[in-house]
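*Asks:*
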Amino acid sequence: MNIHPTAIVDPGAELGKDISIGPYTLIKKEVRIGDNVQIGSNVLIDSGTILGRNCKVHHGAVLGTPPQDLKFGGEKTFLEIGENTVIREYATINRGTKHRGRVTVGSNCFIMMYAHIAHDCIIGNNVILANSVNLAGHVEVEDWVIIGGVVPVHQFTRIGAHSIIGGGFRVPKDVPPYILAGGYPLRYMGLNKIGLKRRNFPEKTITLINKACRILFQSRFNTTQALEKIKSEIEPIPEISHLLDFIEKSERGIIK
Numbered sequence: 030m031n032i033h034p035t036a037i038v039d040p041g042a043e044l045g046k047d048i049s050i051g052p053y054t055l056i057k058k059e060v061r062i063g064d065n066v067q068i069g070s071n072v073l074i075d076s077g078t079i080l081g082r083n084c085k086v087h088h089g090a091v092l093g094t095p096p097q098d099l100k101f102g103g104e105k106t107f108l109e110i111g112e113n114t115v116i117r118e119y120a121t122i123n124r125g126t127k128h129r130g131r132v133t134v135g136s137n138c139f140i141m142m143y144a145h146i147a148h149d150c151i152i153g154n155n156v157i158l159a160n161s162v163n164l165a166g167h168v169e170v171e172d173w174v175i176i177g178g179v180v181p182v183h184q185f186t187r188i189g190a191h192s193i194i195g196g197g198f199r200v201p202k203d204v205p206p207y208i209l210a211g212g213y214p215l216r217y218m219g220l221n222k223i224g225l226k227r228r229n230f231p232e233k234t235i236t237l238i239n240k241a242c243r244i245l246f247q248s249r250f251n252t253t254q255a256l257e258k259i260k261s262e263i264e265p266i267p268e269i270s271h272l273l274d275f276i277e278k279s280e281r282g283i284i285k
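Residue numbers for the sequence shown follow the numbering used here, so the first one is 30 and each next one is one higher.
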């Protein structure tokens, strides 16, 4: 244990083994921190935060503070962060509200400087949020998503697995899995082929996903017609099933 003498750690916080805590950091009661966590200087970790093993929290980050939601009534809620996640300088992550009760951030994520994750968000594993990404409340981000810098994401929006959103754009609707998205308004820019190959997707799988996306985004069919055509013409491998399920569950509608 290496705790700087200027750090303030509430006796009600639970600390794992081999933790380091930098100068002027404040850790409040009812915080749980796993083993081998490194916490920098001037960090605030508020009550209800659970931080997994091997995480790194850099200077000035603020974790687990109350949600910025006028409906919040002071109820006991949580922020849960998985293992091996890196949170860079001045990133802010709030707790949940009574709607979900918690914000969850998965394992192996990289949350860059000044990024913000609002109340009731669900962030999967291996997610990268670049500098100044701003997620509004109730946003869901699936595994292996990359969001470029200075991107605002509208509340209740969903972003599908293995997709990439270019920097500087705005996300007003759901972004389906496996694609590249960019432009004003945000639209389909192609398949994330490089990302899928890096994650060892078989060539056949990539071909089938690409065919489905061409029907969905580059044909004259509306979304309902495109889904029916995909179901009738493309082998229902798990990735295709996930794409269809994601779109069918969309409440805000998908980008086009």
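From the three backbone atoms N, C-alpha and C, an ideal C-beta is built for every residue, glycine too.
1. Based on DSSP bridge pairs, tell me the residues matched to I48.
2. Leaving out five residues before and five after G102 in sequence, what residues of the same chain have Cβ atoms less than 8 Å from its Cβ?
3. Indicate the three-state DSSP secondary structure (helix, strand or coil) for G197 in the structure shown.
4. State the DSSP-derived secondary structure class of E277, mapped to helix, strand or coil.
5. Which residues in the same chain have their Cβ closer than 6 Å to the Cβ of E104, if we skip the five residues on either side of it in sequence?
6. Specify the secondary structure class of E109 as computed by DSSP and reduced to three states.
7. Rounded to the nearest angstrom, what separates D39 and K58 at their Cα positions?
8. Give me the Cβ distance between V72 and I48, rounded to the nearest whole Å; I'm assuming they're in contact under 8 Å.
9. Determine the direct distance from the alpha carbon of E268 to that of V60, and round the result to whole angstroms.
10. Find the nearest neighbour of A210 within the set L164, T114, G189 and R281, judged by alpha-carbon distance.
11. Note down, in chain order, each residue of its chain lying with its Cβ closer than 7 Å to the Cβ of G32, except the 5 sequence neighbours on either side.
12. H176 to F250, Cα distance in whole Å?
13. Any Cβ of chain C within less than 8 Å of the Cβ of E264?
14. Have a look at L215 and F198 and give me their C-alpha separation to the nearest angstrom.
15. So, with DSSP's three-state summary, where would you put N155?
*Replies:* To lay it out plainly:
1. DSSP lists no partner for I48.
2. K127
3. coil
4. helix
5. K127
6. strand
7. 5 Å
8. 12 Å between Cβ atoms; not a contact.
9. 38 Å
10. G189
11. Before going on, a small fix: residue 32 reads as Ile here, not Gly. So the list reads V38 and I50, once near-sequence residues are dropped.
12. Here the sequence assigns Ile to residue 176, which means His is not the residue at that position. Between I176 and F250, the C-alpha separation is close to 28 Å.
13. The structure shown contains no chain C; it is built from a single protein chain.
14. 7 Å
15. coil
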